[in-house]
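From first to last, the protein sequence lines are chains Z and A. One point on numbering: in our numbering, the residue at position 46 of the first sequence is 46, and numbering is uninterrupted. One point on numbering: in our numbering, the residue at position 54 of the second sequence is 54, and numbering is uninterrupted. We treat Cβ as the ideally placed atom computed from N, Cα and C, and that holds for glycine. Working notes, beginning with the structure itself.
There are 2 protein chains.
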Amino acid sequence: MSRSKALLAEIVGSVAGGLGSMQEILEAELQDPSAAVADMLDHVARFRGKQLRGALVLLVGEATGKTSEEHPKVAAIVEMIHLATLVHDDILDGAEVRRRVACVNQRWNNQVAVLLGDYLYSRAFALSTELSSGLCSSLLSRTTKQICVGEIDQSTLRYDFEMTQERYEGVCGAKTASLFAAACELGARYPGGSEETGELMRSVGWNMGLGFQIIDDYLDLTGSEEIAGKTVGVDVEDGKVTLPVLHVYSEASDAVRERIREIYTQPELENRADELRQAVDLEAGLKYARKRANELIENALSSMAVLPESQARSSIESIGEFFLERNW
Amino acid sequence: MSRSKALLAEIVGSVAGGLGSMQEILEAELQDPSAAVADMLDHVARFRGKQLRGALVLLVGEATGKTSEEHPKVAAIVEMIHLATLVHDDILDGAEVRRRVACVNQRWNNQVAVLLGDYLYSRAFALSTELSSGLCSSLLSRTTKQICVGEIDQSTLRYDFEMTQERYEGVCGAKTASLFAAACELGARYPGGSEETGELMRSVGWNMGLGFQIIDDYLDLTGSEEIAGKTVGVDVEDGKVTLPVLHVYSEASDAVRERIREIYTQPELENRADELRQAVDLEAGLKYARKRANELIENALSSMAVLPESQARSSIESIGEFFLERNW
């Protein structure tokens, strides 16, 4: 077993009971009397993945001593929102549909994907209104809004090589870290945990989530499709300027800068990520990004030192390590 | 002034104060610190339209004697959800993008439209969590789910000429009547109104909304683009079998049935709605649909007779009349 797989197994093991309950809730929520909807939900269930956001709700609950019967439900709601964002991420435009036709043909059309994502969002919100406190509804609706703003901002920042690192991290924070932060805050506060511990765990989740996204962007430039199980090099294709490229660009000569812009924008260019790797020495940028992700995650984990030692706390640390060690 | 415009003016006049407050809330909610998001919200604000769902929240509140300070907020939330559904309705597939290029070019790309709709949904839910009771969050999240199921079912029922009228009305109910029903129920119950009055007004809203959708489908077959301010004949283009066609098909000979199916499905056919009007005598189907809409709306209005007479009750009746008399 690889190191990162061993880490994952340890994480899951430490809240196996809660994850089992979360899974049962998710299975019940991913069903519908409409045959058409049920069929699609069945397909979507396969995207469930590692469910680390849900696991964080449970682990933070344990680590802060506040685990309640409602934690698995909160975890399921967080995972449903994540699932909805994944479904909506798959909505493509005309040009991209053509470019990624093999990928899209296996799914339904855009209109149905939009509706299915909306269904998951509204079902998650409906479930959250059944909880004993309004905190989950309130926090997750604001988080979903923040995710949308992050994604919209990201879309308008395509091909922007002059963007500051702060802006890049602001977008990554809104689109990705915010849900990790909400998961950790809810784990700590639901129900009845102190605001102070909620704030601490929110900040832990934010930094971990930001580190996660930076590594995600890193892997899109370096990863193997075989290992990742998804297309890599998509960011360059989509005009997304991620931290490694941003760093290399900021240090580059005018000629190299022009070449980078050309690789991003020249029409009909095949495999832009390969072109980029050949034309530019990305190594310094990749190292820089990895260092930043390390710093963020180490920060997050060290700020948890105020919590009593526990298996759950150590599992959260393992999630941080997993984020840094994963190659998919 | 046309009869239907006079009706609209009367409706608006009777809850002008509440509508003004709703408008202020909407304006505040359609702003965002992100310049990109603000720009898009500004564009979306133009779709606000007649805001009859929001008006119903206020009017039902008045008519059932339960108007509270929170009614304009509830009305704004209902309108934001309606706005989100409109934005997501505009998501098109590759083929349709090509077919309706003039329409789409004036907007943003699909990905951004998805995010903007999600933003509106989540902002509406976030606002609902600020209210004094959880009823609005709970009812509207379930209603949004129902709208999605209706739209997904509708999409799978395209080109289904054997569909029963019950099934057609079930889909119209889920995708359209459900939000009118929720608006009326919330108006009656928010906060502290009786469940019984809530149920009565829910049923009034459902029947009015169903009548509204049947007329909407009717106008898509008969309307003038100039008056409607939107493309008509879209349903035939999209394969949607609406009540007038369903009725004509059920009464038609095998040869006519085959011709109808051909007009819906033959590739590259220009203006299918015109072809349909020329090939088939739609009149009986249109009359049948109008009769059904009349019946539903009259039912709704007569069941309101148990409420005390009031200007608000009479304005709700005017909304019903407007639904039947409008030609756009």
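query, result
"Distance, Cα to Cα, histidine 71 of chain Z vs glycine 134 of chain Z?", "14 Å"
"Return the CA-CA distance between arginine 158 of chain Z and isoleucine 263 of chain Z, expressed in angstroms with no decimal places.", "14 Å"
"Could you have a look at serine 68 of chain A and say whether DSSP puts it in helix, strand or coil?", "coil"
"Residues in the same chain with beta-carbon distance under 6 Å from serine 132 of chain A, minus the five sequence neighbours each way, listed in chain order, please.", "Pro191"
"Tell me whether serine 4 of chain Z sits in a helix, a strand or coil according to DSSP, three-state version.", "helix"
"Report buried or exposed for arginine 3 of chain Z, applying the criterion of at least 16 other Cβ atoms within 10 angstroms of its Cβ.", "exposed"
"Suppose the cutoff is 7 Å on Cβ atoms and the five residues either side in sequence are ignored; what does the same chain contact list for histidine 82 of chain A look like?", "Arg53 and Leu179"
"Give me the chain Z residues within the contact set of histidine 88 of chain A, using Cβ-Cβ distance strictly less than 8 Å, ordered along the chain.", "Val114, Leu115 and Asp118"
"Can you list, in chain order, the residues of its chain with a C-beta nearer than 7 Å to that of alanine 102 of chain Z? Leave out the 5 residues immediately preceding and following it.", "With a pLDDT of 38 at alanine 102 of chain Z, under the threshold of 50, the predicted position of this residue should be treated as unreliable, and no value is reported."
"Can you give me the Cβ contacts of leucine 116 of chain Z inside the same chain, cut-off strictly under 7 Å, excluding the 5 residues immediately before and after it?", "Met40, Val44 and Val87"
"Under 8 Å, do valine 60 of chain A and methionine 163 of chain A count as touching if we go by C-beta distance?", "no"
"Report yes or no: is there a C-beta of chain A within less than 8 Å of the C-beta of threonine 164 of chain Z?", "no"
"What first and last residue would you give for the alpha helix (DSSP H) that runs through glutamate 268 of chain A?", "Note, glutamate 268 of chain A: premise wrong, no alpha helix (DSSP H); not H, not E."
"For the alpha helix (DSSP H) containing serine 155 of chain A, name the first residue and the last one.", "135-156"
"At which residue ranges does the segment 158-222 of chain Z contain complete alpha helix (DSSP H) runs of 4 or more residues, listed in the order of the chain?", "165-172, 178-189 and 195-222"
"Note the first and the last residue of the continuous alpha helix (DSSP H) segment covering glycine 54 of chain Z.", "52-63"
"For a cutoff of 8 Å on Cβ pairs, would you count alanine 261 of chain Z as touching chain A?", "One detail in the question is off: residue 261 of chain Z reads as arginine in this sequence, not alanine. No, no contact with chain A."
"Which residues, taken in chain order from the segment 7-39 of chain A, show a beta carbon closer than 7 Å to some beta carbon of chain Z?", "Asp32, Ser34, Ala36 and Val37"
"Please list the residues of the segment 120-135 of chain Z that have a C-beta atom closer than 7 Å to any C-beta atom in chain A, keeping them in chain order.", "Tyr121, Ser122, Arg123, Phe125, Ala126, Thr129 and Gly134"
"Of all Cβ atoms in chain Z, is any one closer than 8 Å to the Cβ of glutamine 213 of chain A?", "no"
"Roughly how many angstroms lie between the CA atoms of valine 234 of chain Z and asparagine 271 of chain Z, to the nearest whole one?", "9 Å"
"CB threonine 197 of chain A to CB threonine 64 of chain A, shorter than 8 Å?", "yes"
"Would you report the Cα separation of leucine 301 of chain A and alanine 177 of chain A, rounded to the nearest angstrom?", "15 Å"
"Return the chain-ordered ranges of every alpha helix (DSSP H) run that is complete within the segment 277-306 of chain Z and spans a minimum of 4 residues.", "283-303"
"Please check the pair cysteine 136 of chain A and isoleucine 77 of chain A, which I expect to be a contact at CB under 8 Å, by giving their CB distance rounded to whole angstroms.", "6 Å"
"In the DSSP assignment, the alpha helix (DSSP H) including glutamine 311 of chain Z goes from what residue to what residue?", "311-325"
"For arginine 142 of chain A, decide whether its Cβ has a neighbour in chain Z, counting only Cβ atoms nearer than 8 Å.", "yes"
"Could you say if the segment 25-41 of chain Z and the segment 3-15 of chain A meet the contact criterion of at least three C-beta pairs nearer than 8 Å?", "no"
"Quick check on valine 306 of chain A: buried or exposed, where buried means 16 or more other Cβ atoms within 10 Å of its Cβ?", "exposed"
"Does valine 236 of chain Z get closer than 8 Å to chain A when you measure Cβ to Cβ?", "no"
"Whole-angstrom Cβ separation of leucine 56 of chain Z and alanine 183 of chain Z, contact assumed at under 8 Å?", "4 Å"
"Is the beta carbon of arginine 142 of chain A sitting closer than 8 Å to the one on glutamate 29 of chain A?", "no"
"Would you decide whether phenylalanine 322 of chain A is buried or exposed? Buried here means 16 or more other CB atoms lie within 10 Å of its CB.", "buried"
"Within 10 angstroms of the Cβ of phenylalanine 47 of chain A, are there 16 or more other Cβ atoms? Answer buried if so, exposed if not.", "exposed"
"If we cut at 8 Å on Cβ distances, does glutamate 196 of chain A have a partner in chain Z?", "no"
"So is glutamine 51 of chain Z in contact with chain A if we call contact Cβ pairs under 8 Å?", "no"
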